[in-house]
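Just below is one structure, and these are the notes that go with it.
Residue numbers (the working numbering), protein chains in the order written: chain A, -2 to 310; chain B, 13 to 303.
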């Protein structure tokens, strides 16, 4: 039995639920926006965690769940927990939502089974340069990176590498931008060290790794950050791709080394045939790639959760 | 031994200050360790820096590439942090709050915290920078887990533990009548709201915890000499599972446990004031610095 956790209308979770339904694989869904309608309890004793979930008017022993796909968001950001102008949220309900979210994450970290992904394994993404060190250990190239609060060092870095980009250093999402030496705001980095990277020319490839299965997608775009292609005035085209065996294997090993069973790895293939790895996303929003290419990412994920392994490209 | 050998040594072979201590200026453990290191190696063998000094460094230059990691940090006084090449860092800073963002908008302040945390994590985790404890992606001073994870690791390490239960509804899932409420195990609870229990509660509970407590310190894989044999090896395994060089393991008296003690918690950044334990930390730092 698969347990899906999150907001069921959110596209990656919705696709997975649809896939389980289509494949006739048993599942149930915890809706994070309806925490008043389910209850959870678990006990830790010598034998490990045991407990129950009360959902849909019945009690489910937690041991019945062989696998979990969780896309939980910070409870504080749920619409029902945000303060409205004249109607403050019920503090008891808000505290309960936070408690239940924390409890669910605690359980996901310690329960047996195929958990996609364990919360503690998703933390390497909290620091891109830290994760880059782990990426290098896995045998990938990473772009030369400088984190500094000194504008002069940035100028020297640009002189050395030609084009450079900047982006956040933490897991906070940022739009990758090319650094412009004439930008009047460049000195603002004195306030906070900022991450700069040598621009790597080539073709972006997003690789989804699910268990042993590797699903690469090639992205044709001239935008600095292909996720914002249209905003940056560029067209975008996504196509299924094939990776060299060696790169495919490195993607698998990198995913395993980070303690993940599902990852979204951002690669770039240079005109010289080198492969750079930029980042590993531990909770990939894969639906964009599946919707554009028809690649069976959700089906593969659900088969993995059901305990099957099916290699596909 | 080390005192005699290193009495005249102030710089390491790379020209750096051998011992860098990162801690709040009021951290008594860090102060005592720094003081002991100074007594044994000389005044200039130790550099003590606060998080504020680190966060207000005038120049950060941290480079990561396939070729390796290089870091240069110039402090407000014009010096490079620990001469750019500390032999070992005794880090007691878990989280950071950049002082120049304290009055910024909450989102900007949070962004600055996350960015500086990301930078410090990358620096402290880099191969040329042996830090005690090694940093973890959730805490710079390493090995910070939520209580259920500590209890699970303790069980895997072979330590007896109390019985822990979490419930989102005591009405739907009643807990044992003798169980004690444990609001300390959650970051939020009913008691945070109005201070009174409700008929339908959400909380953590455990078998009642005895006020009689003991703690044992694991330093570099060695456990306090006074630890009972039945607990010493599992404590060492717990420190290993948590990937910490320094770990205090706490126990509460328990009639259910053969040793008479049950695991009650752990702290990878413990307050240490007992001279023998401080010396063990100093010896560990010396061993790393000289390796």
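Where is the CB? At the ideal position from N, CA and C, for every residue including glycine.
Quick caveat, the model's predicted, so the values are computed rather than measured.
Within the same chain, and ignoring the five residues on either side of residue 166 of chain B in sequence, the residues whose Cβ sits closer than 7 Å to its Cβ are 173, 250 and 275.
The beta carbon of residue 233 of chain A sits closer than 8 Å to the beta carbons of 216, 217, 218, 220, 223, 226 and 227 from its chain, once the five residues preceding and following it are set aside; these are given in chain order. Shown here is that no member of the region 242 to 274 of chain A has a Cβ falling below 7 Å from a Cβ of chain B.
In the three-state reduction of the DSSP assignment, residue 210 of chain A falls in the strand class. When C-alpha distances from residue 277 of chain B are compared across B:63, B:260, B:293 and B:289, the shortest belongs to B:260. For residue 27 of chain B, the closest of B:106, B:94, B:266 and B:255 by C-alpha to C-alpha distance is B:94.
Within the same chain, 171, 173 and 192 come within 7 Å of residue 164 of chain A by CB-CB distance, once the 5 residues on both sides are set aside. Residues of chain B whose Cβ lies closer than 8 Å to the Cβ of residue 51 of chain A are, in chain order, 181, 184 and 185. Assigned with DSSP and collapsed to three states, residue 190 of chain A falls in coil, not helix or strand. A check of alpha carbon separations from residue 60 of chain B across B:44, B:76 and B:34 identifies B:34 as the nearest.
Our two residues, residue 158 of chain B and residue 270 of chain A, have alpha carbons roughly 44 Å apart in a direct line.
Three or more Cβ pairs drawn from the region 142 to 159 of chain A and the region 179 to 194 of chain A lie within less than 8 Å of each other, which places the two stretches in contact.
Per DSSP, the beta bridge partners of residue 80 of chain B are B:77.
Beta-bridge pairing by DSSP links residue 276 of chain A to A:263. Between residue 210 of chain A and residue 286 of chain A, the C-beta spacing is not below 8 Å. The Cβ-Cβ distance between residue 56 of chain B and residue 297 of chain B does not fall below 8 Å. Your pair residue 148 of chain B and residue 155 of chain B checks out as a contact, with CB atoms roughly 6 Å apart and the cut at 8 Å.
Assigned with DSSP and collapsed to three states, residue 70 of chain A falls in coil, not helix or strand. Along the region 193 to 205 of chain A, the positions whose C-beta sits under 9 Å from a C-beta of chain B are 195, read in chain order.
Within the region 121 to 170 of chain A, the complete alpha helix (DSSP H) segments at least 4 residues long are 125 to 134 and 148 to 158, listed from N- to C-terminus.
Taken atom to atom, the span from the alpha-carbon of residue 275 of chain A to that of residue 260 of chain A is near 13 Å. Neighbours of residue 34 of chain A across chain B, judged by C-beta separation under 9 Å, do not exist; the nearest C-beta is about 11 Å away.
As far as DSSP is concerned, residue 23 of chain A takes part in no beta bridge. Beta-bridge annotation (DSSP): residue 31 of chain B is paired with B:58 and B:100.
Spatial neighbours of residue 229 of chain A in its own chain (CB-CB distance under 8 Å, excluding positions within 5 residues in sequence) are listed in chain order as 220, 221 and 222. Exposed is the label assigned to residue 89 of chain B, since fewer than 16 other Cβ atoms lie within 10 Å of its Cβ. When CB distances to chain B are screened at a threshold of 7 Å, the residues of the region 65 to 90 of chain A falling below it are 88 and 89, in chain order.
Under DSSP, residue 283 of chain B forms no beta bridge with any residue.
When DSSP assignments are scanned along the region 142 to 215 of chain B, the uninterrupted stretches of beta strand (DSSP E) that are 3 or more residues long and fall wholly within it turn out to be 176 to 179. In the displayed model, residue 197 of chain A falls within coil according to three-state DSSP, outside both helix and strand. DSSP, reduced to helix, strand and coil, places residue 273 of chain B within a strand of the structure shown. Counting along the chain, residue 103 of chain A sits inside the alpha helix (DSSP H) bounded by residues 88 to 107. Residue-level contact by beta carbon fails for residue 214 of chain A and chain B, as no gap is shorter than 8 Å. Contact check for residue 144 of chain B and residue 257 of chain B: beta-carbon distance about 5 Å, within the 8 Å limit, so the pair qualifies. Only those residues of the region 249 to 282 of chain B whose C-beta falls short of 7 Å from the nearest C-beta of chain A would be listed, and there are none.
Below 8 Å, too few C-beta pairs join the region 217 to 236 of chain B and the region 121 to 136 of chain B to call them touching: fewer than three.
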